[in-house]
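Just below is one structure, and these are the notes that go with it.
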Amino acid sequence: MIQRDGYQVSLWQDSVLPYESSNNASNSDPYDVIIVGGGITGLSTAILLQEQGKKCLLLEAHTLCFGTTGGTTAHLNTLLDTPYTTIRKNFSSDSARLIADATAEAIQLIRNNIRRYNIECDFEEADAYLFSQDDT
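Read in this note's numbering, the sequence shown has 162 at position 134, and its numbers run on one by one without any break.
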């Protein structure tokens, strides 16, 4: 089991062997991009940049997918903490649409990466419901 912060045991990391970190950084060859953080965002960024021919160095202080990524429930949806109505009111309908499209595109990117890299992660799509607890 990989130890996280000592407070909680991560369901996702409970049976995973500890990652053996390595320092394969080359001092002689320059990197195009240095990515700080080996969670889902850092790893996804590294993959996308490498696919574009960039030489990347990924730096992680602890263990890959150790922090937020390792402790998340990992559910994906297009709902945000700030409702789209608030975004539309404070910015514009175009801004709300842009954000909605970007969240859907992010989910599609994850779906594509799971297929492309044969990631065994029990990915499953399910219905979700949003409801009000009052009449307002």
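Each residue gets a CB set at the ideal place from its N, CA and C atoms; glycine is no exception.
With distance defined between alpha-carbon atoms, name the residue in the options nearest to residue i.
i: ALA128; options: ASP150, LEU104, ARG144, CYS149; result: LEU104
i: TYR59; options: ARG144, LYS83, GLU148, GLY70; result: LYS83
i: CYS149; options: THR69, SER160, THR113, ALA102; result: ALA102
i: LEU92; options: GLU133, PHE159, ILE63, ARG143; result: ILE63
i: GLN78; options: GLY66, LEU137, GLY65, VAL61; result: VAL61
i: THR97; options: THR113, GLY65, GLN161; result: GLY65
Going straight from the alpha carbon of residue i to that of residue j, what length do you get?
i: THR73; j: ALA53; result: 18 angstroms
i: THR131; j: GLU153; result: 15 angstroms
i: ARG116; j: GLU88; result: 37 angstroms
i: ASP109; j: GLY99; result: 19 angstroms
i: LEU126; j: ARG139; result: 20 angstroms
i: GLU48; j: ASP163; result: 54 angstroms
i: THR69; j: LEU86; result: 11 angstroms
i: ALA156; j: PHE119; result: 27 angstroms
i: SER50; j: ALA134; result: 30 angstroms
i: ASN146; j: ASN55; result: 32 angstroms
i: ILE75; j: LEU158; result: 33 angstroms
i: GLN161; j: SER121; result: 26 angstroms
Could you tell me which residues DSSP pairs with residue i in its beta bridges?
i: ILE62; result: LEU85
Mapping DSSP to helix, strand and coil, what is residue i?
i: ILE68; result: helix
i: ALA156; result: coil
i: GLY98; result: helix
i: ALA53; result: coil
i: THR131; result: helix
i: SER120; result: coil
Any heavy atom of the ligand ATP closer than 7 angstroms to the Cβ of residue i?
i: GLU153; result: The model depicted lacks the ligand ATP and carries no ligand whatsoever.
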